[in-house]
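Below you'll find the structure, written out as structure tokens, and then a few comments.
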Amino acid sequence: MLVPASILGVIVFLYGLAFFNTNPLIREVCESNITMCPRCDKTCKVWQLSDTCTYAKISHLFDNEGTVGFAMFMAIWATLFLELWKRHRAIHVTNWKVYDWCEEEEELILDLVNDLNCKPKQFRHSYLRSTVVLILVTLMLMLILGLAHVLVVFRVVAAPLLSEGNSNFIKDHANTVAVMLGAVLHYVTIQVMTRCLKRRQMCLFVSQEKTNSFAATERSFTVKMFTFQFFTLFSSLFYVAFFLGRINGHPGNYKRIAGWRLEECHPSGCLTDLFIQMSIIMLLKQTLNNIFEFTVPLLFSWCYRKTCRDENGCVEPCDICKLQDWLRNYHLANTDAFSLFNEFMEMVMQFSFTTIFVAAFPLAPLLALINNIFEIRLDAIKMVRLERRMVPRKTNDIGVWTQVLEAIGVLAVIANGLVIGFSSDFIPRLVYHYHFGPCATGSPNTHCMQGYINDTLSTALVLHSAVRKDFDLSQLRTENGLNVTQCSYRDYRNNEDYTLTTQFWIVLAVRFAFVILFEHVVVVCKSVVSWFVPNNPNRVKNKLLKDK
Numbered sequence: 011m012l013v014p015a016s017i018l019g020v021i022v023f024l025y026g027l028a029f030f031n032t033n034p035l036i037r038e039v040c041e042s043n044i045t046m047c048p049r050c051d052k053t054c055k056v057w058q059l060s061d062t063c064t065y066a067k068i069s070h071l072f073d074n075e076g077t078v079g080f081a082m083f084m085a086i087w088a089t090l091f092l093e094l095w096k097r098h099r100a101i102h103v104t105n106w107k108v109y110d111w112c113e114e115e116e117e118l119i120l121d122l123v124n125d126l127n128c129k130p131k132q133f134r135h136s137y138l139r140s141t142v143v144l145i146l147v148t149l150m151l152m153l154i155l156g157l158a159h160v161l162v163v164f165r166v167v168a169a170p171l172l173s174e175g176n177s178n179f180i181k182d183h184a185n186t187v188a189v190m191l192g193a194v195l196h197y198v199t200i201q202v203m204t205r206c207l208k209r210r211q212m213c214l215f216v217s218q219e220k221t222n223s224f225a226a227t228e229r230s231f232t233v234k235m236f237t238f239q240f241f242t243l244f245s246s247l248f249y250v251a252f253f254l255g256r257i258n259g260h261p262g263n264y265k266r267i268a269g270w271r272l273e274e275c276h277p278s279g280c281l282t283d284l285f286i287q288m289s290i291i292m293l294l295k296q297t298l299n300n301i302f303e304f305t306v307p308l309l310f311s312w313c314y315r316k317t318c319r320d321e322n323g324c325v326e327p328c329d330i331c332k333l334q335d336w337l338r339n340y341h342l343a344n345t346d347a348f349s350l351f352n353e354f355m356e357m358v359m360q361f362s363f364t365t366i367f368v369a370a371f372p373l374a375p376l377l378a379l380i381n382n383i384f385e386i387r388l389d390a391i392k393m394v395r396l397e398r399r400m401v402p403r404k405t406n407d408i409g410v411w412t413q414v415l416e417a418i419g420v421l422a423v424i425a426n427g428l429v430i431g432f433s434s435d436f437i438p439r440l441v442y443h444y445h446f447g448p449c450a451t452g453s454p455n456t457h458c459m460q461g462y463i464n465d466t467l468s469t470a471l472v473l474h475s476a477v478r479k480d481f482d483l484s485q486l487r488t489e490n491g492l493n494v495t496q497c498s499y500r501d502y503r504n505n506e507d508y509t510l511t512t513q514f515w516i517v518l519a520v521r522f523a524f525v526i527l528f529e530h531v532v533v534v535c536k537s538v539v540s541w542f543v544p545n546n547p548n549r550v551k552n553k554l555l556k557d558k
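This is the structure in structure tokens:
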């Protein structure tokens with residue numbers, strides 16, 4: 011199912027590449043002589059908008075008109091994937107004749123077989139236990155959100171410190187390097203939290219609920235583990251997508267944390283930061299996870315063979331122990347019920363990455379496809395040659411994971427609508443084209459987007475007393491040694507009293523209207539797809555009819 015999504019994502023990327031050098035917005039950035047305000051305190055100086063020419067080109071690769079259509083396609087694709095999965099499942103379930111099989115009933119039968127006098131666990135509900143569990147879950151989520159705030163503070167502090175460095179490259183790209191370091195630190199945080207949320211600790215946590223069956227315990231464990239992993243993975247991304255650059259204030263009234271000025275969006279747009287964060291995390295997560303997942307059982311097997319060779323003094327590993335297959339397999343890496351759980355979690359997280367913020371990263375499906383092609387073979391080698399054979403368990407679906415995937419599909423619609431509406435420049439460009447641009451004001455011979463970049467910038471007069479307290483005189487001196495009397499920044503504000511302009515409120519109203527329209531259209535399309543593709547193929551329905 012990732013193949014069509016990958017192809018369309020590449021097409022959207024190539025569409026942006028096709029207008030790489032001819033786009034008027036890129037040309038306007040590259041040819042501008044606009045002086046921009048310092049991006050941080052003390053160490054940052056005024057800079058030229060033309061310095062971000064390369065970033066403007068890169069930003070256009072994933073922030074273009076095709077992004078909207080691709081985001082709609084991926085939201086519908088998520089529904090289509092689930093519907094086709096249900097059809098695929100129905101075929102196997104029917105062939106194995108477990109269509110009406112119930113896990114709780116099987117568990118009760120096995121208890122009865124083992125002990126004729128067994129008493130089934132009665133359903134119990136304790137408001138006290140539920141309150142304790144709710145408090146513990148809330149505290150854990152607050153801890154995870156606190157770590158996300160630490161990442162924000164790290165980026166706020168890192169940018170000005172990097173701008174003080176000796177390397178000219180790092181000084182010129184301090185904000186971008188800070189974003190990359192933040193993404194790497196976020197990945198490390200994900201790995202640390204994953205290790206901290208060990209399954210044994212989580213099992214003790216879930217056991218507080220006193221569920222009446224193993225199936226119910228497994229469902230509770232899955233939901234909680236997914237929730238914690240999801241918040242760990244996406245809390246920082248949600249900040250970058252929806253809060254970065256919107257709460258930092260403006261010249262003369264910057265917001266600060268412990269004296270440090272809050273960071274702004276990347277000069278080429280807020281979506282660039284999200285793109286950098288997602289690409290680094292996805293590449294690191296998929297690459298390093300596959301390496302560790304495969305090498306640990308490999309090293310375990312190699313260490314065992316080496317130990318066996320040393321004890322027997324043999325040369326050939328196959329002739330060393332002269333063990334039967336089952337005994338040799340017993341010494342392979344251990345597997346349990348959680349071995350498959352980890353694979354499910356990895357795939358569901360990848361599904362989240364591929365759908366929720368795909369508007370900011372159209373190449374995510376392609377990276378997921380490449381990863382899965384390799385992982386299928388690595389998992390096959392690992393399960394067949396490096397790990398003990400798993401104990402089979404009867405089932406007729408993937409349990410609560412189906413509901414988790416459906417919830418991700420709904421969240422993807424909301425997130426992509428908000429990303430396009432509030433994080434990208436799609437709506438401001440649309441409003442300028444039809445309301446403020448040359449074509450709207452009666453200049454047919456001029457390109458409709460001419461002057462858009464200058465229209466999105468506001469001017470700060472550095473002689474103003476409120477502005478002077480935010481900038482030192484050394485920051486207002488260009489590389490040529492000239493002192494500037496005004497600088498520009500991205501916002502829709504009046505140049506005199508810094509109040510929001512009418513254009514800001516028009517753009518904001520159109521943003522809200524777009525998000526509402528986008529989500530309603532996509533939800534209707536998802537409902538139509540869900541109705542159009544039956545859960546069960548006709549041959550499965552006829553087979554069930556014959557069985558009945």
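The sequence shown runs 11 to 558 under our numbering. Every residue, glycine too, gets a C-beta built ideally from N, C-alpha and C.
Just how far apart, CA to CA, sit residue i and residue j?
i: Val-194; j: Leu-473; result: 40 Å
i: Ala-28; j: Lys-67; result: 11 Å
i: Val-538; j: Met-82; result: 14 Å
i: Ile-430; j: Val-477; result: 32 Å
i: Glu-321; j: Met-393; result: In this predicted model, Glu-321 has a pLDDT of only 47, less than 50, meaning its place in the structure is not dependable; the value taken from the coordinates is given anyway. C-alpha separation (whole angstroms): 27 Å.
i: Gly-427; j: Glu-529; result: 6 Å
i: Ala-226; j: Leu-421; result: 25 Å
i: Val-147; j: Ser-140; result: 10 Å
i: Asn-299; j: Glu-353; result: 11 Å
i: Cys-328; j: Ala-347; result: The predicted model places Cys-328 with a pLDDT of 47, which falls under 50 and marks its position as unreliable, so this point remains unresolved.
i: Leu-554; j: Ser-362; result: 34 Å
i: Phe-240; j: Val-358; result: 10 Å
i: Thr-345; j: Leu-161; result: 35 Å
i: Trp-627; j: Trp-541; result: An answer regarding residue 627 cannot be provided, because it is not within the stretch 11 to 558 covered by the chain.
i: Phe-253; j: Leu-157; result: 16 Å
i: Thr-53; j: Tyr-442; result: 35 Å
i: Asp-125; j: Arg-338; result: 34 Å
i: Arg-319; j: Ala-417; result: Reliability fails at Arg-319, whose pLDDT of 47 lies under 50, so the model's placement of it is uncertain and no value is given.
i: Pro-48; j: Val-202; result: 35 Å
i: Tyr-137; j: Ala-343; result: 42 Å
i: Leu-492; j: Lys-536; result: 58 Å
i: Ile-145; j: Arg-439; result: 45 Å
i: Cys-497; j: Val-414; result: 49 Å
i: Cys-206; j: Leu-172; result: 31 Å
i: Arg-403; j: Ala-168; result: 50 Å
i: Gly-26; j: Gly-262; result: 37 Å
Would you mind working out which of the options sits nearest residue i, comparing C-alpha positions?
i: Lys-234; options: Phe-351, Ser-453, Thr-365, Ala-188; result: Phe-351
i: Thr-45; options: Pro-372, Val-533, Thr-511, Glu-489; result: Glu-489
i: Leu-59; options: Asn-74, Glu-38, Leu-71, Lys-52; result: Glu-38
i: Val-56; options: Leu-527, Val-550, Ala-470, Tyr-502; result: Ala-470
i: Val-532; options: Pro-402, Ala-425, Val-543; result: Ala-425
i: Leu-510; options: Thr-466, Val-123, Asp-480; result: Thr-466
i: Phe-23; options: Glu-41, Asn-74, Asn-258, Phe-481; result: Asn-74
i: Ile-291; options: Phe-302, Ile-101, Gln-360, Pro-14; result: Gln-360
i: Asn-546; options: Thr-32, Val-103, Leu-12, Asp-51; result: Val-103
i: Thr-62; options: Ser-42, Asp-507, Gly-79; result: Ser-42
i: Gly-192; options: His-341, Ser-246, His-135, Ala-519; result: Ser-246
i: Tyr-508; options: Ser-468, Phe-302, Leu-518; result: Ser-468
i: Thr-237; options: Thr-32, Leu-518, Val-410, Gly-26; result: Val-410
i: Val-306; options: Gly-259, Asp-389, His-445; result: Asp-389
So what does residue i bridge to, in DSSP terms?
i: Ser-498; result: Met-46, Thr-469
i: Arg-487; result: Asn-493
i: Trp-57; result: Met-46
i: Gly-259; result: Tyr-264
i: Arg-205; result: In DSSP, Arg-205 forms no bridge with anything.
i: Ala-343; result: Glu-397
i: Arg-271; result: Arg-266
i: Arg-503; result: Leu-510
Can residue i be considered in contact with the ligand MG, in the sense that its beta carbon sits closer than 6 Å to one or more heavy atoms?
i: Pro-448; result: With respect to the ligand MG, the structure offers nothing, as it holds no ligand at all.
Give a yes or no on whether 7 Å exceeds the smallest Cβ distance from residue i to chain D.
i: Leu-243; result: Although the question refers to chain D, the structure presented lacks it and comprises just one protein chain.
Q: Say whether the region 12-24 touches the region 371-382, bearing in mind that this needs 3 or more beta-carbon pairs closer than 8 Å, one atom from each stretch.
A: yes
Q: Check whether the region 69-83 touches the region 496-516, taking contact to mean three or more Cβ pairs, one atom from each stretch, closer than 8 Å.
A: no
Q. Would you call the region 357-369 and the region 303-314 touching, i.e. three or more CB-CB distances under 8 Å?
A. no
Q: Check whether the region 95-105 touches the region 384-402, taking contact to mean three or more Cβ pairs, one atom from each stretch, closer than 8 Å.
A: no
(Q) Can you confirm whether the region 257-274 touches the region 440-452 when touching is taken to mean that 3 or more C-beta pairs between the two stretches lie within less than 8 Å? (A) no
Q: Report yes or no: do three or more beta-carbon pairs, one from the region 290-305 and one from the region 383-392, lie closer than 8 Å?
A: yes
(Q) Please give the ranges of any alpha helix (DSSP H) in the region 377-455, keeping only runs that are unbroken, at least 4 residues long and fully inside the region. (A) 411-428, 436-441
Q. Should the region 61-78 be called in touch with the region 279-290, which here means at least 3 C-beta pairs below 8 Å?
A. yes
Q. Hey, which unbroken runs of the alpha helix (DSSP H) at 4 residues or more fall wholly within the region 508-558?
A. 512-542, 548-557
**Q.** Length at least 4, wholly inside the region 84-152: the alpha helix (DSSP H) runs in chain order
**A.** 113-124
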